Amino acid sequence: MDQRALANLPRMDVLLADAAALVERHGQAPTKDALAAATTAAREQLLAGGLSADRDELTAWIRGRAAEALADDSRPGPRRVINAAGVVVHTNLGRAPLAEEVVAAIVGATGYCDLEYELASGARGSRGTHVDALLAELVGAEDGVVVNNCASALVLVLATFAAGRQVPVSRGHLVEIGGSFRLPEIMEASGAQLREVGTTNRTRARDYGVEGDTALVLTVHPSNFTQAGFVTQPPLSAVAEVARSVGVPLVHDAGSGLLVPAEEGPLAGEVSMAEALADGADLVLASGDKLLGGPQAGLIAGRGDLIQQLRSAPLMRALRLDKLRLAGLRAALLAHRRDGHSAVQSTLATDPELPARVERLATRLDGRVVEVTTMIGGGSAPGVGVPSPAVALPDPKGELADSLRLGDPPVVVRVNEGRALIDLRTVTPADDDVIAAAVEAATTAS
């Protein structure tokens, strides 16, 4: 291309004058940056022969490119996503969805609220009064306290009780959770000294009775894997006996957030916080945004004297919850007390309307109904799922799944053996038509 065509690129003052609406909406500095980036792109396109050298067409192209970039930058985020991927507690998609009453409680606390104020007396109060006693009641503990997430709950416990002292952990419990966070590294950051006991596949209760300056015994939920074959892990009650024999507390990181035993269904084998306490754990830790279905939080319940030490620890202020998450967590706990289970557990239960919804969507999209397994996810119950019907659509190159993911709103589906699988168990009925329209638009465009 003739280099002289570059002279047709408009000057910045001309572009800004032509983009008055963008300046008013986004501000002068962001608009100028977007126009500069679009001009650079136009220069590259001109040199490659991909754009017309007409000045008016170049100006329109640059303005349009800048407007798209500014619109993307100003889009609210995180964005709403329709989860049709067949994972209920999907960590990458925000874990458990919040029930309407939880959302309402959060919205209700967005203004001034009685976060640390006793309305009856007019005196300063404690934010812990909103959830601590309620959590303890639900799991049968002497007391409870909540922090930012389950990892911070573990850090708080270790830093408070085990800084500079050893903590026996089974080699089979040295887990790595999402984002490459590893238990040994979390323990190191807290100041505790990891003492590995047992082997990867076989640990016995007596292995925890190690010599030396032991602060506490730690057992950990295998959050995202299962072991089979020549495997032994002792029951929690047996580990509790060993901890008592050496005079130290037993801390159990339950992870999943199941408060009380599930009598039936896919979670029947999952150890709840209440069961762990009944089996002799002195402190039990769990997540609030997994099986409980609340906002992100770390739940700690157990012996009153230990909880009180955690409540007064220096780290507590750095790890405490804000008013919005406290409001949402309280609502989730109250709903659990009323119903005897969480909203997430309801999602896993038999849904008599689900087969008909899937059949209607399959008919509309000319797809097939297939049987899949909806996974619980989030490290809540590794390897456990529930059978579900799903819509299967041909997608040999994954192009349909890509198009749905890039839509507005994004729809995330599962791709398996050249098919896009749409699992409606985690989709609200109101979004069935949204998914159908998105698929129709994607297939029409292709």
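If you read the sequence shown in our numbering, its first letter stands for residue 3, the second for the next number, and so on.
Cβ coordinates follow ideal geometry from the N, Cα and C atoms, glycine included.
Nothing here was measured: the structure is a model prediction, and the numbers come from that model.
Residue i beta carbon near the ligand ADP (any heavy atom closer than 8 Å)
{"i": "G66", "result": "Within the structure as shown, the ligand ADP is missing, as the structure has no ligands at all."}
Rounded straight-line distance, which links the Cα of residue j to that of residue i
{"i": "G211", "j": "G166", "result": "18 Å"}
{"i": "L350", "j": "I378", "result": "8 Å"}
{"i": "Q47", "j": "V222", "result": "56 Å"}
{"i": "D116", "j": "A320", "result": "20 Å"}
{"i": "P224", "j": "E118", "result": "37 Å"}
{"i": "V386", "j": "E272", "result": "10 Å"}
{"i": "A86", "j": "V436", "result": "12 Å"}
{"i": "S76", "j": "Q347", "result": "36 Å"}
{"i": "V374", "j": "S390", "result": "5 Å"}
{"i": "P263", "j": "E277", "result": "7 Å"}
{"i": "D284", "j": "R305", "result": "6 Å"}
{"i": "P237", "j": "V244", "result": "11 Å"}
{"i": "L158", "j": "A443", "result": "50 Å"}
{"i": "L196", "j": "V148", "result": "25 Å"}
{"i": "P357", "j": "V414", "result": "20 Å"}
{"i": "E70", "j": "A403", "result": "23 Å"}
{"i": "G411", "j": "T430", "result": "Strictly speaking, residue 411 in this sequence is Pro, with Gly absent from that position. Using only the alpha carbons, I get a separation of about 14 Å."}
{"i": "G124", "j": "P316", "result": "27 Å"}
{"i": "G142", "j": "R81", "result": "38 Å"}
{"i": "V89", "j": "E265", "result": "22 Å"}
{"i": "R427", "j": "G200", "result": "40 Å"}
{"i": "A111", "j": "D145", "result": "25 Å"}
{"i": "E213", "j": "A153", "result": "27 Å"}
{"i": "R6", "j": "Q30", "result": "30 Å"}
Residues sharing a beta bridge with residue i, DSSP
{"i": "P170", "result": "R197"}
{"i": "G142", "result": "In the DSSP output, where bridge partners are listed per residue, G142 has none listed."}
{"i": "H92", "result": "R97"}
{"i": "T375", "result": "P389"}
{"i": "L287", "result": "D255, I302"}
{"i": "V417", "result": "A422"}
{"i": "L17", "result": "Answer by DSSP bridge pairing: none, since L17 is not bridged."}
{"i": "R184", "result": "E178"}
Check whether residue i and residue j have beta carbons under 9 Å apart
{"i": "P251", "j": "D209", "result": "no"}
{"i": "D324", "j": "A288", "result": "no"}
{"i": "N10", "j": "R57", "result": "yes"}
{"i": "G296", "j": "L100", "result": "yes"}
{"i": "R322", "j": "N150", "result": "yes"}
{"i": "V393", "j": "R370", "result": "yes"}
{"i": "A36", "j": "A62", "result": "no"}
{"i": "A345", "j": "A334", "result": "yes"}
{"i": "L301", "j": "S382", "result": "no"}
{"i": "V253", "j": "L294", "result": "no"}
{"i": "I108", "j": "L336", "result": "no"}
{"i": "I424", "j": "L363", "result": "yes"}
{"i": "D341", "j": "R97", "result": "no"}
{"i": "Q235", "j": "G174", "result": "yes"}
Residue i, DSSP secondary structure in three states
{"i": "V386", "result": "coil"}
{"i": "G130", "result": "helix"}
{"i": "G330", "result": "helix"}
{"i": "N151", "result": "coil"}
{"i": "N203", "result": "coil"}
{"i": "F163", "result": "helix"}
{"i": "V222", "result": "strand"}
{"i": "A394", "result": "strand"}
{"i": "E178", "result": "strand"}
{"i": "Y119", "result": "strand"}
{"i": "T234", "result": "strand"}
{"i": "R81", "result": "coil"}
{"i": "V429", "result": "coil"}
For residue i, the first and last residue of its enclosing beta strand (DSSP E)
{"i": "I302", "result": "300-304"}
{"i": "D425", "result": "421-425"}
{"i": "G110", "result": "Segment 102-110 is the alpha helix (DSSP H) holding G110; no beta strand (DSSP E) there."}
{"i": "A21", "result": "Here A21 belongs to no beta strand (DSSP E), and DSSP marks it neither H nor E."}
{"i": "A86", "result": "84-86"}
N-terminal and C-terminal residue of the alpha helix (DSSP H) that residue i is part of
{"i": "R65", "result": "57-76"}
{"i": "T42", "result": "30-49"}
{"i": "A278", "result": "275-280"}
{"i": "T216", "result": "It is not in any alpha helix (DSSP H) - T216 carries neither H nor E in the DSSP assignment."}
{"i": "A242", "result": "238-247"}
{"i": "A440", "result": "434-447"}
{"i": "R319", "result": "318-321"}
{"i": "D368", "result": "Premise fails: D368 is in no alpha helix (DSSP H) and is neither H nor E."}
Interface flag, residue i vs chain D, CB-CB below 9 Å
{"i": "A288", "result": "Of the protein chains in the structure, only one exists, and it is not chain D."}
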